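*Asks:* End of the sequence shown = 184 in my numbering, gap-free, step of one. For each residue, glycine too, the CB sits at the ideal point set by N, CA and C. Quick caveat: nothing in here was measured; it's all calculated off a predicted structure.
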Amino acid sequence: MNEITYYAAYGSNLNKQQMYGRCPMAKPISKAVLNGWKLVFRGVADIVPCSDAQVNLGIYSITPECETALDHYESYPNLYIKKHIPIQLKRSQITSMFYVMKPGYGFGSPSEKYLRTIREGYENWKLPEKLLLKSMHHAQIHDGGEAYKSRYWNTVDIECENDKI
């Protein structure tokens, strides 16, 4: 019997439509809060240990094929590495897989396209945006120009470009 693998999303993979396109077999399980970690932006979302902080999560059950697709999307192991962290759900505790960025990137705001995708994910999971907005503010005031530059997320949105004509 295969053991269930759980994946905790805190960034763009909160967006259920995006996640379904990447991992059609992933199943949304529960929203959760991870204590002792903080959401930050380094051009893209990351989480870092912080004793007095929390991160909003969407928990999915995933297949090995989903994990392979996520590894590719997250540029594992070059950009992100994996961690397995216990998470308390309403009725049980699980161990969930996360991606966290490798050291070497500074803080920086995400692109509008990336932030829009995350905000849609917050709506999908009915998560409060307070911590997201706080993380955005932190990225803006601590942006030193050393954030990760994503080729995918920093492209011009064609629909928006056409609206300008």
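(1) Quick one: grab the DSSP three-state call for tyrosine 16.
(2) I'd like to know if the stretch 123-135 and the stretch 73-89 are in contact, where contact means that at least 3 CB-CB pairs between them fall below 8 Å.
(3) State yes or no: is the C-beta of methionine 116 within less than 8 Å of the C-beta of histidine 103?
(4) So, using beta-carbon positions, are methionine 38 and glutamate 84 closer together than 8 Å?
(5) Report back the beta-carbon spacing between tyrosine 95 and lysine 101 to the nearest angstrom; my notes put them in contact at under 8 Å.
(6) To which residues does DSSP link alanine 72 through a beta bridge?
(7) Does the beta-carbon of tyrosine 25 have 16 or more other beta-carbons within 10 angstroms, so that it is buried, or is it exposed?
(8) Excluding the 5 residues preceding and the 5 following asparagine 54 in the sequence, name in chain order all residues of the same chain whose CB lies nearer than 7 Å to its CB.
(9) Just to confirm, are tyrosine 167 and leucine 58 a CB contact at a threshold of 8 Å?
(10) Let's see if you can read the secondary structure: which residues bound the beta strand (DSSP E) around lysine 46?
(11) Have a look at serine 70 and arginine 41 and give me their C-alpha separation to the nearest angstrom.
(12) For isoleucine 48, I'd like the list of residues in its chain whose CB is within less than 8 Å of its CB, leaving aside the five on either flank, ordered along the chain.
(13) Note down, in chain order, each residue of its chain lying with its Cβ closer than 7 Å to the Cβ of glycine 30, except the 5 sequence neighbours on either side.
(14) Within this structure, are the beta carbons of arginine 61 and glycine 164 separated by less than 8 Å?
(15) Quick check for students: name the residue ranges of the beta strand (DSSP E) that lie wholly in the stretch 71-159, counting only runs of 3 or more.
(16) One question on the structure: do alanine 28 and isoleucine 106 come within less than 8 Å of each other, judged by their Cβ atoms?
*Replies:* In terms of the structure at hand:
(1) Here the chain covers residues 20 to 184 and nothing more, so residue 16 does not appear.
(2) no
(3) Here residue 116 corresponds to residue number 97 of the sequence shown, with the count starting at 1. Here residue 103 corresponds to residue number 84 of the sequence shown, with the count starting at 1. For methionine 116 and histidine 103, yes; Cβs fall inside 8 Å.
(4) Position 19 of the sequence shown, counting from 1, holds the residue named residue 38. Position 65 of the sequence shown, counting from 1, holds the residue named residue 84. No; because the gap between Cβ atoms is not below 8 Å, this pair is not in contact.
(5) Within the sequence shown, numbered from 1, the residue matching residue 95 stands at position 76. Within the sequence shown, numbered from 1, the residue matching residue 101 stands at position 82. Contact between tyrosine 95 and lysine 101 holds: their C-beta atoms lie close to 7 Å from each other, under 8 Å.
(6) Translated into positions along the sequence shown, residue 72 becomes position 53. For alanine 72, which the question treats as bridged, DSSP gives no partner whatsoever.
(7) The count along the sequence shown starts at 1 and reaches residue 25 at position 6. Classification of tyrosine 25: buried, given that the 10 Å Cβ count is 16 or more.
(8) Within the sequence shown, residue 54 is the residue found at index 35, counting from 1. Hits under 7 Å: Gln73.
(9) Walking along the sequence shown from the start, residue 167 turns up at place 148. Walking along the sequence shown from the start, residue 58 turns up at place 39. Against a cut-off of 8 Å, the Cβ pair of leucine 58 and tyrosine 167 comes out as no contact.
(10) Position 27 of the sequence shown, counting from 1, holds the residue named residue 46. First-last of the beta strand (DSSP E) with lysine 46: 46-60.
(11) For the purposes of this step, residue 70 is taken as the residue at position 51 of the sequence shown. For the purposes of this step, residue 41 is taken as the residue at position 22 of the sequence shown. Separation of serine 70 and arginine 41 (C-alpha to C-alpha, rounded to the nearest whole angstrom) is 33 Å.
(12) Translated into the one-based positions of the sequence shown, residue 48 becomes position 29. If we look at isoleucine 48 and ignore the five residues flanking it on each side, its Cβ neighbours are Tyr25, Ile78, Tyr79, Ser80, Leu108.
(13) Locating residue 30 in the sequence shown gives position 11, counting from the first residue. These residues qualify, in order along the chain: Val63, Ala64, Ile137.
(14) Residue numbering aside, residue 61 sits at position 42 when the sequence shown is read from its first letter. Residue numbering aside, residue 164 sits at position 145 when the sequence shown is read from its first letter. No, these two residues do not count as a Cβ contact at 8 Å.
(15) Listed in chain order, they are 99-107, 112-120.
(16) Position 9 of the sequence shown holds residue 28. Position 87 of the sequence shown holds residue 106. No.
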